[in-house]
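Protein chains in written order, with the working numbering: chain P, 1 to 239; chain C, 1001 to 1283; chain H, 2001 to 2292.
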Amino acid sequence: MNIEIEEICKDFGTTAALQPVSLSIPAGSLVALLGPSGSGKTTLLRILGGLEFPSAGRVLFDGADATGLTVQERRAGFVFQSYALFRHMSVFDNIAYGLRARPRKTRPAAAEIARRVTRLLDLIKLPDIGGRYPSQLSGGQRQRVALARALAIEPRMLLLDEPFGALDAKVRKELRQGLRDIHDTTGLTTIFVTHDQDEAMELADLIVVMSMGRIEQIGRPAEIRARPASDFVRQFLDL
Amino acid sequence: MATRPFILKAPTPMPGWGLSFGILLTMLSIIVLIPMGVLLWRGFVGFGAAEIWAVVNRPRVWAALALSFRAALVAALFNLVFGVLLAWILVRYRFPGKRLIDAAVDLPFALPTAVAGIALTAIYAPNGVFGSVIGQAFGIRVAYTELGIWIALIFVGLPFVVRTVQPVIEEIDRETEEASATLGASRLRTLTHVVLPMLAPAALTGFALALARSVGEYGSVIFIAGNLPNVTEIAPLLIVIRLEEFDYDGAVAIAIAMLAISFTLLLAINLIQIWSRRRMGAV
Amino acid sequence: MAHCVPLAARPRRLRSATTEPRVVKGVLIALCLAVLSVLLFAPLIAVFDEALRRGWAFALASLGEPDAQAAIRLTLSVAALVVPLNAAFGIAAAWAITKFDWRGKAWVITLIDLPFSISPVVAGLLFVLMFGANSAFGAWLVASGFPIVFAVPGIVLATLFITFPFIARELIPVMLEQGRAEEEAALTLGASGSRVFLTVTLPNIRWALLYGVLLCNARAMGEFGAVAVVSGKIRGQTTTMPLMIEMFYNEYLSVAAFTMASVLALLAFVTLVLKSALEWRHADQLAATHRH
Chain P
1 MNIEIEEICK
11 DFGTTAALQP
21 VSLSIPAGSL
31 VALLGPSGSG
41 KTTLLRILGG
51 LEFPSAGRVL
61 FDGADATGLT
71 VQERRAGFVF
81 QSYALFRHMS
91 VFDNIAYGLR
101 ARPRKTRPAA
111 AEIARRVTRL
121 LDLIKLPDIG
131 GRYPSQLSGG
141 QRQRVALARA
151 LAIEPRMLLL
161 DEPFGALDAK
171 VRKELRQGLR
181 DIHDTTGLTT
191 IFVTHDQDEA
201 MELADLIVVM
211 SMGRIEQIGR
221 PAEIRARPAS
231 DFVRQFLDL
Chain C
1001 MATRPFILKA
1011 PTPMPGWGLS
1021 FGILLTMLSI
1031 IVLIPMGVLL
1041 WRGFVGFGAA
1051 EIWAVVNRPR
1061 VWAALALSFR
1071 AALVAALFNL
1081 VFGVLLAWIL
1091 VRYRFPGKRL
1101 IDAAVDLPFA
1111 LPTAVAGIAL
1121 TAIYAPNGVF
1131 GSVIGQAFGI
1141 RVAYTELGIW
1151 IALIFVGLPF
1161 VVRTVQPVIE
1171 EIDRETEEAS
1181 ATLGASRLRT
1191 LTHVVLPMLA
1201 PAALTGFALA
1211 LARSVGEYGS
1221 VIFIAGNLPN
1231 VTEIAPLLIV
1241 IRLEEFDYDG
1251 AVAIAIAMLA
1261 ISFTLLLAIN
1271 LIQIWSRRRM
1281 GAV
Chain H
2001 MAHCVPLAAR
2011 PRRLRSATTE
2021 PRVVKGVLIA
2031 LCLAVLSVLL
2041 FAPLIAVFDE
2051 ALRRGWAFAL
2061 ASLGEPDAQA
2071 AIRLTLSVAA
2081 LVVPLNAAFG
2091 IAAAWAITKF
2101 DWRGKAWVIT
2111 LIDLPFSISP
2121 VVAGLLFVLM
2131 FGANSAFGAW
2141 LVASGFPIVF
2151 AVPGIVLATL
2161 FITFPFIARE
2171 LIPVMLEQGR
2181 AEEEAALTLG
2191 ASGSRVFLTV
2201 TLPNIRWALL
2211 YGVLLCNARA
2221 MGEFGAVAVV
2231 SGKIRGQTTT
2241 MPLMIEMFYN
2251 EYLSVAAFTM
2261 ASVLALLAFV
2271 TLVLKSALEW
2281 RHADQLAATH
2291 RH
């Protein structure tokens, strides 16, 4: 699914979190929103997911206006920075949550839900942890469960807020490849927020560099490295 | 474990162990341990388990015990539901007078029970402000019936659930609720499947506290209850009546029965809590 | 610097994922306010309304009666004895529990909390059994001219039992959270034990202590069930304010009963105001459950 962002802006009271920004994301790409904290990258991601509402502007999914869609209707697989796993549910129930929340007409049968959850557990390479609770998992395992839970609803896109932020360096490296693999298998348009330029450079097809609510540069990693558009980009990327 | 010698206290340079532990142990003994010991000794050694059972197993005593626990359960259940709702509103919503309401929730802690008792009786009596209206509209009497006892116990137990659940609601990570919404769950489903289970352990604690308080409550109930034997006579009142008749053994037997039932209830609730906490991980 | 120019109002059905629809909010707030009015506010108003049925002068005159005066004096003296004793116990218990590691601590904490789950009437019964004329010890006490039950010492003991956990429960979580580092630092600087307590610990726990004292005092002055059992209800001698309310009420002296109740309701009101002030001003120095 391609995503079109047209002149989206967002005020929080008197402060502008996002200046009007426009961005076009081709279907199936893996995009990094890169910038320091306060650059508006998380706000933009949350607007795409339907968790915040733009003060002005439009969002188009595959050409159709999605600005007025509720968070439930957007079907965006969202992975939160804290993972936000449901502590009182087993891993299995966490992943099945979205399917069970569907209205009766479109809800798969219990056996079908179980089959899908098992398949997702295989996909994240943690086939045996369905019966465990989030408190019994390592940080890296939690991140992968959150990813599987987001994928379970057959999302139209995958949105990840600092997906590797809470992990140590070694796990981070492993999971980067994991995300790349999942993106390549599912073919989902994937957008992740990061403040780590290495992560963005290594993982993304397309990098959107943001600062103070504005987009500084949009480009492939190699392009950005070769031709930084501003002093900010040069400094932030250490070029 | 077995080979290590018994050491009461780990060594530390902190001063004041003798004094503080001495005061703690002395007062705990004089005020709580010895009196409780005397009650149990008097009951089981002086009177005997069979005799206790004989006292309890009479219709009037049985009715009083059943009434005390039934009414406490009804009131605690009401407070469980209402307390969670009120806590939610006080944390999440903004409305004028919110701070006043928040402070007023503790009124039942601060207001003497006898004051609450006569005040509730005044308004719920057949000639009272609410009592007369309810009587005319529904033909129901509130004061001097079991309904009146429920009202008094709801009043007394009101703050417990609110005060245990409030801090937990404040701690909820909003991302958890957002996650539920992004997965397609309606707000109602998020509340019932995600939020309420997170509040359950704290709510249960509050419920247990309210129940424990209500079972033994005396001051606020006796004015509004009517105190009719077998009908609206609560167990604590029966103890008082036995004492006034100088029937100490009878009073002790009923007291021990009350203690046994409340500790069983509290134990059960504690076990449920340990189980639910274990499932949720360290809380 | 470009600013947001809102195109149109946000569609109504879009709202934050972590709130309920406005209508639902309104209904829930109204429901809560209604229940609280019927349950909390109406009785409070009723107390003052009934007291002033026959005017201020009549109400105030009832407080001037010798029995009423004696009841007020007794309640004040009982509180003046119970609250400091309980504060001493609370500080000692919290110190022993939070500054040292010892066996059986969890059991002792449970035992301190025990009075919370015991009926006030049973609490009174405990002391009647121990010191009443039915026991040998009690009979001897009466014979030697120092009766405890049906006298003031019994009222003090029963009130101590009822309020036993109040101050310790406020102090223990606060002192646990504050840890031992500050006291240890003071010790390394050469301070004596009492100096450490007075200059380091006490300033850190003073608001929590005051909070506990407030609650303890309110309960001590208002206790009914336990005191009713041990007092013997001798007019002018062992009748506290709550017991006096009951007597007046049973004698159909409604104004006198509700006037005395108003005095205690005012006390409750002051307690709530002070308590809320503490919660708003010094939340960081109170047990976590009181922070708003």
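Quick reminder that beta carbons are idealized off the backbone N, C-alpha and C, glycines included.
| message | Alpha carbons only, please: which of P:182, P:130, P:169 and P:121 is nearest the one belonging to residue 139 of chain P? | response | P:169
Taking all protein chains shown into account, do 16 or more other C-beta atoms lie within 10 angstroms of the C-beta of residue 1157 of chain C, making it buried, or fewer, making it exposed?
buried
Helix, strand or coil for residue 238 of chain P? Go by DSSP, reduced to three states. coil
(message) On the criterion of 16 or more Cβ atoms from any shown chain inside 10 Å, does residue 1002 of chain C qualify as buried, or is it exposed?
(response) With a pLDDT of only 48 at residue 1002 of chain C, under 50, the local geometry of the prediction cannot be trusted, and no value is derived from it.
### Query
Among residues of its own chain, excluding the 5 on either side of residue 1118 of chain C, which ones have a beta-carbon nearer than 6 Å to its beta-carbon?
1223
Next item on the list: Spatial neighbours of residue 1284 of chain C within its chain, please: CB distance less than 8 Å, with the 5 preceding and 5 following residues excluded, ordered by chain position.
Entry: Outside the shown range of chain C (1001 to 1283) lies residue 1284 of chain C, about which nothing can therefore be said.
Using a Cβ-Cβ cut-off of 7 Å, state whether residue 2199 of chain H counts as contacting chain C.
-> no
Does the CB of residue 61 of chain P have a neighbour CB from chain H at under 7 Å? no
Using a C-beta to C-beta distance shorter than 7 Å, which residues of chain P count as neighbours of residue 1181 of chain C? 71 and 72
Requested in this report: Jot down the residue ranges of each uninterrupted alpha helix (DSSP H) in the stretch 1095–1147 of chain C, minimum 4 residues, whole runs only, in chain order.
Outcome: 1098–1104, 1107–1110, 1113–1124 and 1129–1138
Comparing C-alpha positions only, which one of C:1235, C:1078 and C:1202 sits nearest to residue 1270 of chain C? C:1202
**OP:** Determine contact between the stretch 1229–1238 of chain C and the stretch 1059–1070 of chain C, defined as no fewer than three beta-carbon pairs at a distance below 8 Å.
**Re:** yes
**Message:** Counting only Cβ pairs nearer than 9 Å, list the residues of chain A close to residue 153 of chain P.
**Reply:** Here chain A cannot be found, since the structure's protein chains are P, C and H.
- Task: With a 10 Å radius around its C-beta and 16 neighbouring C-beta atoms as the bar for buried, classify residue 136 of chain P as buried or exposed.
- Result: exposed
### Query
Among P:110, P:26 and P:13, which residue has its Cα nearest to the Cα of residue 189 of chain P?
P:26
Who are the near neighbours of residue 83 of chain P in its chain, counting only those whose CB is closer than 7 Å to its CB and skipping five residues on each side? 142, 143 and 146
Taking 7 Å as the CB-CB cut-off, is residue 82 of chain P touching chain C?
yes
*So which residues of chain C does residue 86 of chain P contact, with C-beta pairs closer than 9 Å?*
1176, 1179, 1180, 1193, 1194, 1197 and 1198
Would you decide whether residue 2127 of chain H is buried or exposed? Buried here means 16 or more other CB atoms lie within 10 Å of its CB.
buried
TODO: Kindly give me the distance between the Cβ atoms of residue 1159 of chain C and residue 1108 of chain C, rounded to whole angstroms, as I take these residues to be in contact under 8 Å.
DONE: 6 Å
Under 7 Å between C-beta atoms, does residue 101 of chain P make it to chain C? yes
| With a CB to CB cut of under 7 Å and the five nearest residues on each side skipped, what residues in its chain are close to residue 288 of chain P? | Chain P is shown only over 1 to 239; residue 288 of chain P falls outside these bounds and no answer can be derived.
> In chain order, which continuous runs of the alpha helix (DSSP H) of length 4 or greater are located wholly inside the stretch 1175–1257 of chain C?
Replying inline: 1187–1190, 1196–1215, 1219–1225 and 1235–1244
- [ ] Closer than 8 Å by C-beta to residue 2267 of chain H: which residues in its own chain qualify, once you throw out the five before and the five after it? Chain order, please.
- [x] 2218, 2221 and 2222
Have a look at residue 1219 of chain C and residue 2262 of chain H and give me their C-alpha separation to the nearest angstrom. 16 Å
Quick check: the Cα distance between residue 2166 of chain H and residue 2216 of chain H, rounded to an integer number of angstroms? 6 Å
What span of residues does the alpha helix (DSSP H) with residue 1056 of chain C cover, start to end?
-> 1049–1056
- Task: Taking only the alpha-carbon atoms, compute the straight-line gap between residue 1283 of chain C and residue 1277 of chain C and give it to the nearest angstrom.
- Result: Confidence at residue 1283 of chain C is low in this model, with a pLDDT of 39, below 50, so the placement of that residue should be treated as unreliable; the coordinate-derived value is given next. Answer to the nearest angstrom: the Cα atoms are 7 Å apart.
Problem - For residue 1150 of chain C, the nearest candidate out of C:1225, C:1189 and C:1061 (CA to CA) - result: C:1225
Worksheet entry | Under the three-state DSSP convention, the category residue 277 of chain P falls into | Since the first residue shown for chain P is 1 and the last is 239, residue 277 of chain P is missing from the structure and cannot be characterised.
Tell me which residues share the same chain as residue 2278 of chain H and place their Cβ nearer than 7 Å to its Cβ, disregarding the 5 neighbours each side in the sequence. 2207, 2210, 2211 and 2286
(request) Please decide whether residue 230 of chain P counts as near chain H, where near means a Cβ-Cβ distance under 7 Å. (result) no
- Item | Proximity to residue 1256 of chain C [Cα-Cα], best of C:1051, C:1023 and C:1272 | C:1051
- Query: Residue range of the alpha helix (DSSP H) that residue 45 of chain P falls in?
  - Reply: 41–49
Buried or exposed: where does residue 2001 of chain H fall if 16 or more other Cβ atoms within 10 Å of its Cβ makes it buried? At residue 2001 of chain H the pLDDT is 46, less than 50, meaning the model places this residue with poor confidence; the figure from the coordinates comes in the next sentence. When all chains shown are included, residue 2001 of chain H counts as exposed.
Quick one: does residue 120 of chain P have its CB under 7 Å from some CB of chain C?
-> no
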